[in-house]
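To start, the structure under review is shown below, and the notes come after it.
Residue numbers (the numbering used here): 2 to 256.
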């Protein structure tokens, strides 16, 4: 398994898309810190980019890589290797390569210009989102045999998590504003990893006025130790559950 991971990782790290992704994040991050005198404003601008770009690239690149590696996966299945080991090796190779690109593109500028709790929280959130949406993309790819359908489905998922979800939450909250919705809102926040990442970072920045209804309502909860544990646990579930589901489906799939 280790040898297979090294092969996948070596192959992906030479990919022009990963290199371009890392350079794009680096140029944008470095430029924001140079243009903004206020470190917090630069982090806030960078946060908005990370919450959109990281899930998008993670899902699209993972999906395309899976379908392009289909023949290689079939070849590996003819070897004395379990399906679980093959898929986990692919996931590890893709995830580590995207994490390396993110660490270079965002991590280096943040460590230079914003080496504090807020910068560290941004790096943790970006890394978690990379793993989460790589896991979701593997699930979508395994479930769909057709490449075009798989890519379309991942784009639809990204569009939902990044753009549609918050609008639906606001619609529900305002429609039932006469009822106590605090606990229900907490549940809604857990259903979107992008929302959780945004809330956790903005709490570190102490800009609750800019967080929107969901984050401001639960500032007292997410700012506590229990809230941080809750956020970390939910993020971990978002990584594990789609990957576990993908492995289960891959084991039953007729290649």
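Even glycine gets a Cβ: it sits at the ideal position worked out from N, Cα and C. Keep in mind that this is a model prediction, so the values were computed, not measured.
Best match in the options for proximity to residue i [C-alpha to C-alpha]
i: residue 66; options: 40, 128, 155; result: 155
i: residue 90; options: 227, 73, 46, 172; result: 73
i: residue 70; options: 143, 122, 36; result: 143
i: residue 32; options: 160, 171, 110; result: 110
i: residue 9; options: 202, 30, 88; result: 88
i: residue 6; options: 44, 27, 96, 184; result: 96
i: residue 189; options: 29, 172, 92; result: 172
i: residue 28; options: 17, 106, 68, 53; result: 106
i: residue 226; options: 249, 245, 205; result: 205
i: residue 249; options: 141, 34, 39, 52; result: 141
i: residue 229; options: 136, 191, 178; result: 191
i: residue 77; options: 4, 234, 245; result: 4
i: residue 118; options: 178, 234, 41; result: 41
i: residue 100; options: 38, 26, 80; result: 26
i: residue 149; options: 237, 238, 68; result: 68
i: residue 236; options: 126, 179, 81, 246; result: 126
i: residue 38; options: 115, 234, 168, 48; result: 115
i: residue 64; options: 79, 48, 92; result: 92
i: residue 98; options: 169, 62, 54; result: 62
i: residue 34; options: 79, 112, 184; result: 112
Range covered by the alpha helix (DSSP H) that runs through residue i
i: residue 96; result: 84-103
i: residue 7; result: 3-14
i: residue 234; result: 226-253
i: residue 258; result: With the chain represented from 2 up to 256, any question about residue 258 goes unanswered, as that position is not in the structure.
i: residue 116; result: Run containing residue 116: none; DSSP gives neither H nor E here.
Nonlocal neighbours in the same chain, by C-beta distance under 6 Å from residue i, ignoring five residues either side
i: residue 84; result: 251, 252
i: residue 108; result: 124
i: residue 60; result: 134, 138, 155, 159
i: residue 261; result: With the chain represented from 2 up to 256, any question about residue 261 goes unanswered, as that position is not in the structure.
i: residue 102; result: 19, 22, 23
i: residue 177; result: none
i: residue 17; result: none
i: residue 153; result: none
i: residue 46; result: 33
Supposed contact pair residue j and residue i - C-beta distance, whole angstroms, cut 8 Å
i: residue 94; j: residue 20; result: Going by Cβ atoms, the distance from residue 94 to residue 20 rounds to 16 Å, so no, they are not a contact pair.
i: residue 202; j: residue 122; result: 5 Å
i: residue 120; j: residue 44; result: 7 Å
i: residue 145; j: residue 244; result: About 16 Å separates the two Cβ atoms, so there is no contact after all.
Other residues of its chain near residue i: CB distance less than 7 Å, five sequence neighbours each side excluded
i: residue 56; result: 130, 134, 159, 162, 163, 195
i: residue 193; result: 162, 166
i: residue 50; result: 29
Nonlocal neighbours in the same chain, by C-beta distance under 8 Å from residue i, ignoring five residues either side
i: residue 52; result: 130, 163, 195, 198, 199
Please give me, in chain order, every unbroken run of the alpha helix (DSSP H) with length at least 4 that falls completely inside the segment 138-176.
Fully enclosed alpha helix (DSSP H) runs of 4 or longer: 148-160, 166-176.
Ignoring anything shorter than 4 residues or poking outside the segment 5-73, list the alpha helix (DSSP H) runs there in chain order.
Restricted to the segment 5-73, the alpha helix (DSSP H) segments that are unbroken, complete and at least 4 residues in length are 17-36, 40-69, listed in chain order.
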